[in-house]
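To start, the structure under review is shown below, and the notes come after it.
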Amino acid sequence: MLSKSQMALVLGKAAAFDQRTLGDADVEAWRECLGDAIDFDTAMERVTEHYRVSTERLMPVHLLDDSPERLAPWEQDGYDSGQEPVL
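Going by this note's numbering, the first residue of the sequence shown is number 831, and it counts up by one from there.
Structure, rendered in structure tokens:
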């Protein structure tokens, strides 16, 4: 389980994108929801991944979702931009 300080860092990173306010209750709620399902480094990476492709406010499910739809289109298998590669 992420420590309180780690969870605060993850939420702080999200706040840099969406201007959310943070408090102890937020940290505890997210820790309860995420449990042991994710480690700190993965959580931090997924915050960035989420805001790279979405304007939606980050929620715990966004950190836990391993589906291909979570990825940017160019990261999905079989993606074809329809453009010739630039060399």
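Backbone N, C-alpha and C define an ideal beta-carbon position, used for all residues, glycine too.
A quick note: this is a predicted structure, and the numbers were derived from the prediction, not measured.
Thinking residue i and residue j are a contact (beta carbons under 8 Å), I'd like their distance in whole angstroms, please.
| i | j | result |
| --- | --- | --- |
| Ala-873 | Leu-832 | 7 Å |
| Arg-861 | Met-837 | 5 Å |
| Leu-852 | Ala-845 | 6 Å |
Quick one: what does DSSP say residue i is sitting in, helix, strand or coil?
| i | result |
| --- | --- |
| Gly-842 | helix |
| Met-874 | helix |
| Leu-864 | helix |
| Arg-882 | helix |
| Leu-832 | coil |
| Asp-895 | coil |
Near residue i, what residues of its chain come up, given a Cβ to Cβ distance below 8 Å and the 5 sequence neighbours on each side ignored?
| i | result |
| --- | --- |
| Gly-865 | Met-831 |
| Thr-878 | Lys-843 |
| Cys-863 | Pro-890 |
What's the C-alpha gap between residue i and residue j?
| i | j | result |
| --- | --- | --- |
| Ser-884 | Val-857 | 22 Å |
| Gln-849 | Ser-835 | 19 Å |
| Asp-869 | Leu-839 | 13 Å |
Sorted by chain position, which residues of the same chain lie with C-beta nearer than 6 Å to residue i's C-beta, five sequence neighbours on each side aside?
| i | result |
| --- | --- |
| Asp-854 | none |
Below 7 Å CB to CB, which residues in the same chain sit around residue i once its five sequence neighbours on both sides are set aside?
| i | result |
| --- | --- |
| Ala-867 | Leu-894 |
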